[in-house]
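Student:
Numbering (this note's numbering), first residue to last: 16 to 447.
1) To the nearest angstrom, how far is the alpha carbon of residue 433 from that of residue 439?
2) In chain order, which beta strand (DSSP E) runs of at least 3 residues are fully inside the region 374-445?
3) Would you mind reading off the limits of the beta strand (DSSP E) that contains residue 190?
4) Just checking, does the region 189-197 make contact with the region 147-161 on the three C-beta pairs under 8 Å criterion?
5) Does the distance from the C-beta atom of residue 270 to that of residue 301 stay below 9 Å?
6) What number of angstroms, rounded off, separates the C-alpha of residue 371 from the C-alpha of residue 416?
7) Under DSSP, the alpha helix (DSSP H) around residue 12 begins and ends at which residues?
8) Mind reading off the beta-carbon distance from residue 247 to residue 124? Whole number of angstroms is fine, and I expect it under 8 Å.
9) Should the region 372-386 be regarded as contacting the region 317-337, the criterion being three or more beta carbon pairs within less than 8 Å?
10) Give me the residue from 128, 279, 360 and 152 with the minimum Cα distance to residue 181.
11) If you run the structure through DSSP and keep just helix, strand and coil, what is residue 347?
12) Does residue 274 come out as helix, strand or coil in the three-state DSSP assignment?
13) Applying the 10 Å Cβ sphere with the 16-neighbour rule, what's the burial state of residue 406?
14) Can you tell me whether residue 332 is buried or exposed? The criterion is at least 16 other CB atoms within 10 Å of its CB, across all chains shown.
15) Could you give the residue range of the beta strand (DSSP E) that holds residue 84?
16) Reducing DSSP to helix, strand and coil, say where residue 352 ends up.
17) Between the C-alpha atoms of residue 218 and residue 138, what's the straight-line distance to the nearest angstrom?
18) Is the region 128-143 close to the region 76-85, with three or more CB pairs under 8 Å?
19) Would you call the region 224-239 and the region 200-211 touching, i.e. three or more CB-CB distances under 8 Å?
20) With 16 as the cutoff for other CB atoms within 10 Å, does residue 154 come out buried or exposed?
21) Taking 8 Å as the cut-off, does the region 254-269 touch the region 232-242 (at least 3 CB pairs, one atom from each stretch)?
22) Tell me which residues share the same chain as residue 172 and place their Cβ nearer than 7 Å to its Cβ, disregarding the 5 neighbours each side in the sequence.
23) Would you decide whether residue 250 is buried or exposed? Buried here means 16 or more other CB atoms lie within 10 Å of its CB.
24) Which of the three DSSP states is assigned to residue 253 in this structure?
25) Would the region 269-285 and the region 394-403 be scored as touching if the rule is three or more Cβ pairs under 8 Å?
26) Give the C-beta separation of residue 224 and residue 127 to the nearest angstrom, bearing in mind that I take them to be a contact with Cβ-Cβ under 8 Å.
27) Which residue wins for smallest C-alpha separation from residue 117, given the options 216, 170, 277 and 414?
28) Give me the Cα-Cα distance between residue 378 and residue 392, rounded to the nearest whole angstrom.
29) By the DSSP assignment, the beta strand (DSSP E) with residue 261 in it spans what residues?
30) Tell me which residues share the same chain as residue 187 and place their Cβ nearer than 7 Å to its Cβ, disregarding the 5 neighbours each side in the sequence.
31) Quick one: grab the DSSP three-state call for residue 509.
32) Start and end of the beta strand (DSSP E) containing residue 71?
33) I need the straight-line Cα distance from residue 45 to residue 144, nearest angstrom please.
34) Figure out for me which residue from 213, 358 and 88 has the closest Cα to the Cα of residue 274.
35) Between 207, 330, 346 and 66, which lies nearest to residue 424 when the distance is taken from Cα to Cα?
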């Protein structure tokens with residue numbers, strides 16, 4: 016079936032067959048044909064290398080495959096910016112943490128088969144290459160294969176730019192399949208139910224594959240959560256530590272901030288990016304996704320401080336206190352927020368075990384001698400507002416902060432009860 020694209024592109028094969036089998040072409044006409052036919056034929060929408068790469072992903076190019084078109088080129092092909100959506104169903108296979116529904120291996124296989132078949136039936140295919148993280152040594156390369164230029168335009172604003180060859184030669188790139196015009200009942204057909212009639216997101220961490228059906232490409236937050244889960248194993252294998260954190264820059268100092276989404280919204284204008292997700296490595300720290308205001312380098316130096324935002328209205332936790340690396344790892348693992356726990360500060364699906372992430376964070380703090388602090392973002396009945404929160408965070412760089420010490424209560428017992436029930440063994444280095 017794949018050869019049909021070659022037969023369409025190269026009429027040399029047809030001309031040869033015409034001459035040898037039917038012997039009906041005169042010599043002058045044959046010479047004229049030979050002068051006008053170029054082999055191989057390569058141009059906009061035609062690339063043997065890309066066609067072969069897509070065939071390996073189950074996509075047989077019907078007519079043309081356009082790769083890495085810029086904004087104006089996508090617009091010429093009919094791309095428009097659509098209204099953003101949120102809350103579409105997200106299905107993830109292989110997640111350690113909740114935040115999504117399950118999808119079985121068989122269900123995902125059926126879905127992928129239907130999606131690749133659908134994209135293969137579309138006249139023009141659109142391909143975009145990008146990356147999660149702007150650290151070239153620890154990023155995760157991504158190839159988007161879509162039936163729609165609008166979807167490519169949307170995703171090109173999420174992923175970092177990367178050379179085409181970087182994706183082509185990458186050992187384990189992620190693949191995003193986008194089927195915007197597939198039947199609205201595809202989810203029901205494979206056993207996922209009918210709740211995703213507007214569209215849905217499905218990911219298989221083992222396969223490094225993400226499927227976006229219907230209008231799911233407009234649910235940017237859902238896509239980012241799914242991509243974060245998919246990219247974790249690749250980033251970790253390359254020496255990076257994927258963390259659900261934000262960056263704040265104060266003067267020439269970089270601060271890594273962990274906090275609840277509610278807290279982040281209070282100070283989002285002061286952050287490098289409001290999106291959760293950074294890669295911490297020996298080279299520095301890099302945001303997962305493109306930033307709206309991106310100027311200069313997108314790889315920041317190692318953080319001067321790691322801040323863990325905790326919410327405690329009872330007043331047991333001080334407003335700000337210094338933590339040892341072992342305490343930071345312990346509080347990071349717990350993610351305490353007013354009686355509730357959010358391990359590793361991650362609410363979305365994740366391919367990483369929070370305990371293993373905590374161990375890796377401990378190692379990074381020790382190796383790079385990074386200071387860590389605990390901040391109470393909800394001391395008393397009133398929450399700390401955005402400006403005061405930023406001042407509190409920045410104060411850790413200049414002031415002599417006292418070590419962590421609770422003001423009565425049995426918070427330590429709550430921590431121990433939760434963590435011992437969730438994990439069989441906590442490392443000795445971890446401490447309250």
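Ideal Cβ positions, reconstructed from N, Cα and C, are used throughout, including at glycine. Computed from a predicted structure; not experimentally measured.
Tutor: Short version:
1) 11 Å
2) 386-391
3) 189-194
4) yes
5) no
6) 28 Å
7) This structure does not reach residue 12, given that the chain is present from 16 up to 447, and the question cannot be answered.
8) Actually they do not touch by this definition, with Cβ atoms about 22 Å apart.
9) yes
10) 152
11) helix
12) coil
13) exposed
14) buried
15) First-last for residue 84: undefined, no H or E at that position.
16) strand
17) 26 Å
18) yes
19) yes
20) buried
21) no
22) 305
23) buried
24) coil
25) yes
26) 7 Å
27) 216
28) 26 Å
29) 261-265
30) 223 and 249
31) No answer is possible for residue 509: the residues shown for the chain start at 16 and end at 447.
32) Run containing residue 71: none in the beta strand (DSSP E); it sits in the alpha helix (DSSP H), 63-71.
33) Unreliable placement is indicated for residue 45, whose pLDDT of 41 sits below 50; the coordinate value is still reported in the next sentence. Taking the straight line from one Cα to the other gives about 41 Å.
34) 358
35) 330
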